[in-house]
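What follows is a short report on a single structure.
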Amino acid sequence: MNSLSKSFLGFVAVVGLLTTATACASNGGDKMQPDEAKQNAVAFLRETMDHEPLAWPEVPDPVATRCSDGDDGVRFQYLVTIDQKTDPKELATSFEEFWRAKGLDVRPSQEDFGKYGVAYSATARADGKPWGSFQFSRRGISLYVDSQCAEGSPDDYED
Amino acid sequence: MTADPLAGDPAAVTKLSRALADRQDDLRTGATTVARAADDAADWEGASKDRFSATVGTIAPAAQRIIGRLDAAIDVLGTYADEVQRIQDEAERIRASQLTTAMDSAITALSLSAAKLAVSAKDATDADARQARRLQSDADDLAATASRLDAEWDALVRRRTTADRAASAGLSATDVLGVAPSYSGTLGRMSDADFLAAVAAMPPEVLAAQDPSVADRLAGMPAETVQAWWDGLGGRGTAGEHAAAQDALITALPAVIGNLNGVPYWARDQANRLSAQRAYAQAQDDLRVARRRYTRAIGGHGQVAAGHALNAALLRYNQLNNFVAGARTDLNLRYPLPRQMVAFRDGQPPLGAFSVGDLDSASSVTFLVPGMGSSLADTTQYMRTGSTVQQSQQQMSGDASAYVTWLGYESPPNFLATGDTAVLHEDSARAGAATLSADLAGVRATRPDVQLNVVAHSYGSTTAALALASDSALNIHSFVTLGSAGIPSSVPDAAATHAAHMYAAQANEKWGIAAFGRTFSDPHRADPTQGFGATEMHTDGTRTVNVHDLAADPDSRNVGYLDSGTKTLLGTAKATMP
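So the sequence lines, in the order shown, correspond to chains A and B. For reference, each letter of the first sequence is one residue, going 267 to 425 in the working numbering. For reference, each letter of the second sequence is one residue, going 6 to 583 in the working numbering.
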């Protein structure tokens, strides 16, 4: 048996174990109920919005989306946007520090869009909590909060 | 030909349907009377009896044929009346909300003006400033509500168009009108120009009744010929304003017009919605039948066979259900965008493409090509993924590329879920590349100057690379690969894709899914981030993107390539920026 074949068999074994473990976890019936997931996400969103006194809109209805590619479950994504001239770098630093202080793992990024300026973004993750992410530019603000994964499917929320 | 959601009287349609049902009763009564008369003639003898019996014998089947056609018409009218009623109810709700919003906006605007004056006065207080900020926030909310209501109204107009067209197509079908004359022989002998002129002159019911050779010949026409022909029927047209001949073609030949390069995308959208709705309705019926058969199946073999049939029916139903849901699924966009069903090819499996953005007018068009395990059942998920990129673009410039979720190929099964090794080979990619290349050429034919991009994930990049390499005239602006499963050796470098810019992102993925696909590919496929000539799009290793998926599981610390807040999302938004 050559080394490639050994790697292949090893990969299949690992993937098999992972797939089985994932399937067991997802069939365990311990997923959160949708209402609880939404409540946690809205609380986190409100807390984040309260961090900076901006002209925030009302909390919008969320978009139901899949937990991850190919998997069961549903998460609820809230997006609030503001069209307002801001200092995106300063805001990004402020929200990154706020989320870090709350124990989230924050990973910032930035990209220069040339004539449209620089976009500052970040993801914020923590086990067992809703997610946060943002994109700030000189033209405005986009703040996302994703709920934890809940029982059900995005198809349940298609009209 | 703009569809008005409030137009029409569903009660009158229902009344007409009932009148047809009454006519059916009359026909049944008449047929029964004639049958009794035949019995009365039992004692007759001779030639006159034979003539009478022969004549009477034709009446019952003829009556039955007419009753069957009336049945079909009653079904169509009943469905139409119900749908128009639902649309009108929704339209009244939207109009009432629009009125309330407009009044509130006017009142808020007045109050805001007064508050701004108060703030600028010498004796202004903090309370005045707070009041002005609150009113400004209210005004912004009302503007957002007005925008959302406008988008809902536009969606309702499209829904009414689809309902009108479905009713028109249903009433023009041969099961309502009977058999129309076939001109296939005559058409087959005509030149292309005469053929196209004759086809455009046919009423929808006659056109729909022609044999498949007519549709096949039309489908095989070059895009330039089709475009000139279509425009000659009354200009390019729009969803709201177009020629009657164009309308007839959409109604009679939706499967052809919906995928015919050279036809504008508003027309393809209307045709494909009609085809997809029909296929979905059929899938619903098939699923009901399969469920009934499964519950009634007797014996082990019978149950296994019925179980397989039920699984197949459920799979097809889920695919079509999710594809048609693309027209209404919620998306997180900063500013709403119209949607178009760009392609629909009914088969096993059904394939298609759905756009968020108007392909007839967008300044940029991007095809999102997914990888292994994808099907029409994933349409709304990929539309949401694409809309995350569009939202990012809208935030930067106010404009967004139209993102086409392209599920136009039979992707290889998910290796992790099935153990099927097709993803390691090129067969699926080669078959898909031909269709992708043709669909991209369709955009290029009707929009010679539009910026055209391709964003491909995993095995989608294998397919897309072959498609782009096959046609240098596609004039692709940006080709972006995310977690590529490898580029075939027939495409040796970025230059061979003919794209003006090629970008490649490869994260340090948990379980190395993309690397596995490349390592064990047969024939071997290259990593586009390694000496391929593509500009590397940074993922920051495990600091940001750390799994193969475009979207990661929220109950983990994982991050997918196009999750909000990532470097690859920003990079993809920038590369496909209008």
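Beta carbons: idealized from backbone N, C-alpha and C, even for Gly.
Rounded to whole angstroms, what is the Cα-Cα separation between Arg91/B and Arg350/B?
In the second sequence, residue 91/B corresponds to position 86, counting from 1. In the second sequence, residue 350/B corresponds to position 345, counting from 1. Spanning the two alpha carbons is a distance of roughly 29 angstroms.
The stretch 133–155 of chain B: positions lying closer than 9 angstroms to chain A by Cβ:
Arg138, Gln141, Ser142, Asp145, Asp146 and Ala149
Could you name the residues of the same chain whose beta carbon sits closer than 6 angstroms to that of Leu523/B, not counting the 5 residues immediately before and after it, in chain order?
For this step, residue 523/B is matched to residue 518 along the second sequence. Going by the sequence as given, residue 523/B is Arg instead of Leu. Closer than 6 angstroms at Cβ, skipping near neighbours: Gly491, Arg530 and Asp532.
Give me the Cα-Cα distance between Asp558/B and Ser334/A, rounded to the nearest whole angstrom.
In the second sequence, the residue the question calls residue 558/B occupies position 553. In the first sequence, the residue the question calls residue 334/A occupies position 68. Taking the straight line joining both Cα atoms gives about 5 angstroms.
With 16 as the cutoff for other CB atoms within 10 Å, does Ala309/A come out buried or exposed?
In the first sequence, the residue the question calls residue 309/A occupies position 43. Looking at its Cβ environment, which holds fewer than 16 other Cβ atoms inside 10 Å, Ala309/A is exposed.
Applying a beta-carbon distance threshold of less than 7 angstroms, which residues of chain A neighbour Leu575/B?
Working through the second sequence from its first residue, we reach residue 575/B at position 570. Here the neighbours are Ser375, Glu377, Ala385 and Ser387.
So, is the C-beta of Val294/B closer than 8 angstroms to a C-beta in chain A?
The residue labelled residue 294/B in the question sits at position 289 within the second sequence. Taking Cβ atoms only, chain A never reaches closer than 8 angstroms to Val294/B, which makes this a no.
Could you name the residues of the same chain whose beta carbon sits closer than 6 angstroms to that of Ala250/B, not counting the 5 residues immediately before and after it, in chain order?
The count along the second sequence starts at 1 and reaches residue 250/B at position 245. Around Ala250/B: Ala205 and Leu238.
Just how far apart, CA to CA, sit Phe484/B and Met507/B?
Mapped onto the second sequence, residue 484/B falls at position 479. Mapped onto the second sequence, residue 507/B falls at position 502. Between Phe484/B and Met507/B, the C-alpha separation is close to 5 angstroms.
Looking at chain B, which residues of the stretch 298–319 of chain A have a Cβ within less than 7 angstroms of any of its Cβ atoms?
none
What are the residues of the stretch 340–354 of chain A that lie near chain D, defined by any Cβ-Cβ distance shorter than 7 angstroms?
The structure shown contains no chain D; its protein chains are A and B.
Helix, strand or coil, according to DSSP, for Met401/B in the structure here?
Stepping through the second sequence from its first residue, residue 401/B is reached at position 396. In the structure shown, Met401/B sits in a helix (DSSP, three-state: H, G or I).
Show which residues of chain B have a CB atom less than 7 angstroms away from the CB atom of Arg426/A.
This structure gives no information on residue 426/A, because the portion of chain A shown stretches from 267 to 425.
Between which two residues does the beta strand (DSSP E) holding Met315/A run?
Residue numbering aside, residue 315/A sits at position 49 when the first sequence is read from its first letter. Counting along the chain, Met315/A falls outside any beta strand (DSSP E), though it belongs to the alpha helix (DSSP H) covering Pro300 to His317.
Between Ala257/B and the rest of its own chain, which residues show a CB-CB distance below 6 angstroms, the 5 nearest in sequence each way excluded?
Against the second sequence, residue 257/B aligns to sequence position 252. So the qualifying residues of the chain are Pro209, Leu212 and Ala213.
Any idea if Ile518/B is buried or exposed, counting beta-carbon neighbours within 10 angstroms, 16 or more meaning buried?
What you label residue 518/B is simply residue 513 of the second sequence in a count that begins at 1. Buried, by the Cβ-count rule.
Which chain B residues sit within Cβ distance under 9 angstroms of Glu424/A?
The sequence position of residue 424/A within the first sequence is 158, counting from 1. Result: Asn326, Asn327, Ala330, Arg333, Thr334, Asp335 and Thr385.
8 angstroms is my cut-off, CB to CB: does Val329/A come that close to chain B?
Residue mapping note: residue 329/A aligns to position 63 of the first sequence, counting from 1. Taking Cβ atoms only, chain B reaches closer than 8 angstroms to Val329/A, which makes this a yes.
Please report the distance separating the alpha-carbon of Ala288/B from that of Asn326/B.
Here residue 288/B refers to the residue found at position 283 when the second sequence is read from its first residue. Here residue 326/B refers to the residue found at position 321 when the second sequence is read from its first residue. Cα to Cα, Ala288/B sits roughly 9 angstroms from Asn326/B.
So, does the CB of Ala17/B fall closer than 8 angstroms to a CB anywhere in chain A?
Locating residue 17/B in the second sequence gives position 12, counting from the first residue. By this cut-off, Ala17/B is not an interface position.
The beta strand (DSSP E) that contains Trp397/A, what's its start and end?
Position 131 of the first sequence, counted from the start, is the residue given in the question as residue 397/A. Counting along the chain, the beta strand (DSSP E) containing Trp397/A begins and ends at Trp397 to Ser403.
Drop a sphere of 10 angstroms on the beta-carbon of Ser271/A, count the other beta-carbons inside from all chains shown, and report buried for 16 or more, exposed for fewer.
Working through the first sequence from its first residue, we reach residue 271/A at position 5. Residue confidence is low: Ser271/A scores 43 on pLDDT, short of 50, so the model does not pin down where it sits. No coordinate-derived value is stated.
Measuring alpha carbon to alpha carbon, tell me which residue in Ala68/B, Ala46/B and Val81/B is nearest Ser22/B.
To locate residue 22/B, count along the second sequence from 1; it is residue 17. Closest option to Ser22/B, Cα to Cα, is Val81/B.
Counting only C-beta atoms, is Phe400/A closer than 8 angstroms to chain B at any point?
Locating residue 400/A in the first sequence gives position 134, where the first residue counts as 1. Judged by the 8 angstroms Cβ criterion, Phe400/A is in contact with chain B.
Would you check if the distance between the CB atom of Gln282/B and the CB atom of Thr167/B is smaller than 8 angstroms?
As a working note, residue 282/B is residue 277 in the second sequence. As a working note, residue 167/B is residue 162 in the second sequence. In contact: Gln282/B and Thr167/B (Cβ atoms closer than 8 angstroms).
Is it right to say Thr389/A is buried, meaning 16 or more other beta carbons lie within 10 angstroms of its own, or is it exposed?
For the purposes of this step, residue 389/A is identified with residue 123 of the first sequence, where counting begins at 1. Classification for Thr389/A: buried.
Runs of beta strand (DSSP E) wholly within the stretch 463–518 of chain B (minimum 3 residues, chain order):
481–487 and 506–510
Beta-carbon separation of Leu441/B and Tyr414/B under 8 angstroms?
On the second sequence, position 436 is the one that residue 441/B refers to. On the second sequence, position 409 is the one that residue 414/B refers to. Yes, the Cβ-Cβ distance between Leu441/B and Tyr414/B is below 8 angstroms.
Proximity test, Cβ basis, 8 angstroms: Ser408/A and chain B:
As a first step, residue 408/A must be located in the first sequence, where it is residue number 142. Judged by the 8 angstroms Cβ criterion, Ser408/A is in contact with chain B.
So the beta strand (DSSP E) Gln345/B belongs to, where does it begin and stop?
Position 340 of the second sequence, counted from the first residue, corresponds to residue 345/B. Its beta strand (DSSP E) spans residues Arg344 to Arg350.
Given Cys415/A, which residues of its chain have a CB within under 6 angstroms of its CB, disregarding the five upstream and five downstream residues?
Along the first sequence, read from residue 1 onward, the residue named residue 415/A stands at position 149. These residues qualify, in order along the chain: Cys333, Gly339 and Arg341.
Check for me: the alpha helix (DSSP H) holding Arg164/B runs from which residue to which?
Here residue 164/B refers to the residue found at position 159 when the second sequence is read from its first residue. Note, Arg164/B: alpha helix (DSSP H), Asp131 to Ser177.
8 angstroms CB neighbourhood of Asp76/B in its chain, flanking five on each side removed
As a position in the second sequence, residue 76/B is number 71, starting the count at 1. For Asp76/B, where only same-chain residues beyond five positions count, the Cβ hits under 8 angstroms are Gln29.
Using 8 angstroms as the limit for Cβ to Cβ distance, is Glu356/A near chain B?
Residue numbering aside, residue 356/A sits at position 90 when the first sequence is read from its first letter. Cβ-Cβ to chain B under 8 angstroms: no for Glu356/A.
Quick check on the burial criterion: 16 or more other C-beta atoms within 10 angstroms. Buried or exposed for Lys355/A?
As a first step, residue 355/A must be located in the first sequence, where it is residue number 89. Burial call: exposed.
Under 7 angstroms by beta carbon: chain A residues contacting Ala519/B:
The residue given as residue 519/B occupies position 514 in the second sequence. The contacting residues do not exist; Ala519/B stays about 13 angstroms from chain A at best.
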